[in-house]
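Residue numbers (the numbering used here): 17 to 343.
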Ligand code: GLV
């Protein structure tokens, strides 16, 4: 029987598929509910046929070599796979899979939760009420900014960006987007979205929401030069990956009022935030919850398990990001 290493407890839906396919004794789940250390990861993968890491586990050449040449798949428990050195895996002929599709709407929902929370100052209001410091209704109290009718800028118009655009129509928002290439005209029409360059997106958006993958080209795509050309009344929303934003420049922009606020789910050095961010009242800071619903995390677990099962049975894993290793 093949051996599978699961680097963190995941929903039962996925584990059950693995147990049914290979028997309980073939599956080792890292027993503690915390991020596995590098040494524990290297020890855990030794001699296994499949690894199921989560997005905080760095899978590079060293880890792949520690696993050994019998390793047949790494099935990431995430749609983003910037935690994996794909060229290193490709060089070793190891397929990498991700979990696309199932978390699209869940992440788009959280994006809107952040837009609404930061615009309507929900975090500040909640903190005031919980501190028993609410003096009662006031005509000038915690005035925020409208969302409906405003301009939403989407940076990265893939599945999640499009799902965010779809939600924006319900808020009568004008939607602009920047992407590597424009969508086809029919889809643009359906989403009521207009393709613009990055400079226009920065200059015109009231809410600018990031939905690109993290790659060398998108690292620090938002920093001081970008914040200086955004409207002072605008908000930055990030549910993609932290390093797309230069966090230290963002803190400066938030403190100097270069932009009005930020709704963040991801950070450059998770779980640590830039020290200045903790006391930015105009930032809503969530703990990387994009895909965190019972339904979606269950589906992600099933997809990761399905990819492993397919590969170990000699079939094509359905969500391979480096399919050239399968040919
Ligand atoms: C979550 O952040 C994911 O990439 O799935």
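Idealized CB from N, CA, C, for every residue including glycine.
Original post:
When we look at the beta-carbon of residue 294 and count the other beta-carbons within 10 Å, is it buried (16 or more) or exposed?
Top reply: exposed
**OP:** List the endpoints of the continuous alpha helix (DSSP H) containing residue 226.
**Re:** It is not in any alpha helix (DSSP H) - residue 226 instead sits in the beta strand (DSSP E) that spans 223–226.
Original post:
Any idea if residue 169 is buried or exposed, counting beta-carbon neighbours within 10 angstroms, 16 or more meaning buried?
Top reply: Buried, because 16 or more other Cβ atoms sit within 10 Å of the Cβ of residue 169.
Subject >> Same chain, Cβ closer than 6 Å to residue 122, five either side skipped, listed in chain order >> reply: Taking residue 122 as the centre and dropping the five residues before and after it, the same chain places the C-beta of 307, 309, 312 closer than 6 Å to its C-beta, in chain order.
Original post:
Which whole runs of the beta strand (DSSP E) in the stretch 241–309 are 3 residues long or more, in chain order?
Top reply: 251–254, 277–280, 299–301
Subject >> As assigned by DSSP and simplified to three states, the class of residue 210 >> reply: It is a strand residue.
Original post:
Helix, strand or coil: how does DSSP classify residue 46 here?
Top reply: coil
Subject >> Contiguous alpha helix (DSSP H) assignments of at least 4 residues, all confined to the stretch 72–139 >> reply: 77–83, 102–107, 120–135
Original post:
When you compare only the Cα positions, how much space is there between residue 35 and residue 174?
Top reply: 34 Å
**OP:** With DSSP as the reference, label residue 194 as helix, strand or coil.
**Re:** strand
Original post:
Hey, quick one: how far does the beta strand (DSSP E) through residue 66 stretch, first residue to last?
Top reply: 66–68
Original post:
Under the DSSP definition of a beta bridge, which residues are partnered with residue 170?
Top reply: DSSP output for residue 170 lists 193, 225 as bridge partner(s).
Original post:
Does the beta carbon of residue 225 fall short of 7 Å from some heavy atom of the ligand GLV?
Top reply: no
Subject >> Distance between residue 37 and residue 325 (C-alpha atoms, nearest Å) >> reply: Looking at the two C-alpha atoms, the distance is approximately 7 Å.
**OP:** Since I believe residue 228 is in contact with residue 234 (beta carbons under 8 Å), could you give me their beta-carbon distance rounded to a whole number of angstroms?
**Re:** 5 Å
Subject >> CA-to-CA distance, residue 28 to residue 318, given in whole angstroms >> reply: 9 Å
**OP:** Leaving aside the five residues before and after residue 106 along the sequence, list all residues of the same chain whose C-beta is less than 7 Å from its C-beta, in chain order.
**Re:** Taken in chain order, the residues that qualify are 338, 340, 341.
Original post:
In chain order, what residues of the same chain lie with their CB nearer than 6 Å to the CB of residue 302, ignoring the 5 residues before and after it?
Top reply: 281
Original post:
Just checking my contact of residue 84 with residue 60 at CB under 8 Å: how many whole Å lie between their CB atoms?
Top reply: Contact annotation, residue 84 with residue 60: C-beta distance approximately 12 Å; criterion of less than 8 Å not satisfied.
Original post:
Near residue 178, which residues of its chain fall below 7 Å by C-beta distance, leaving aside the five closest residues on each side in sequence?
Top reply: 207
Original post:
Expressed to the nearest angstrom, what Euclidean distance is found between the alpha-carbon atoms of residue 163 and residue 41?
Top reply: Rounded to the nearest angstrom, the gap between the Cα atoms of residue 163 and residue 41 is 53 Å.
Subject >> CB contact flag (residue 104, residue 139, <8 Å) >> reply: no
**OP:** Report whether the distance from the Cβ of residue 318 to the nearest heavy atom of the ligand GLV is below 7 Å.
**Re:** For the ligand GLV, not one heavy atom lies less than 7 Å from the Cβ of residue 318.
Subject >> Buried or exposed (CB count within 10 angstroms, at least 16 for buried), residue 120 >> reply: buried
Original post:
Which class does residue 21 belong to by DSSP, given the choice of helix, strand or coil?
Top reply: strand
Original post:
How many angstroms separate the CA atom of residue 88 from the CA atom of residue 112?
Top reply: When rounded, the distance between both Cα atoms is 9 Å.
**OP:** To the nearest angstrom, report how far apart residue 270 and residue 212 are at their CA atoms.
**Re:** 25 Å
Original post:
Does the separation of the CB atoms of residue 250 and residue 275 fall below 8 Å?
Top reply: yes
Subject >> Contact set for residue 72: own chain, Cβ-Cβ below 6 Å, skip 5 residues either direction >> reply: 51
Original post:
Should residue 264 be counted as a contact of the ligand GLV given a C-beta to heavy atom distance under 7 Å?
Top reply: no
Subject >> Buried/exposed call for residue 333, threshold 16 Cβ in 10 Å >> reply: buried
**OP:** Please list, in chain order, all residues of the same chain as residue 95 whose beta carbon is under 7 Å from its beta carbon, the five residues on each side excluded.
**Re:** 114, 115, 116, 119
**OP:** Using a threshold of 8 Å, state whether the C-beta atoms of residue 46 and residue 316 are closer than that.
**Re:** no
Subject >> Close-in-space but distant-in-sequence residues of the same chain around residue 30 (CB under 7 Å, 5 per side omitted) >> reply: Within its own chain, the residues whose Cβ lies closer than 7 Å to the Cβ of residue 30, once the five positions on either side in sequence are excluded, are 317, 318, 320, 321, listed in chain order.
Original post:
Can you check whether the CB of residue 181 is closer than 8 Å to the CB of residue 209?
Top reply: yes
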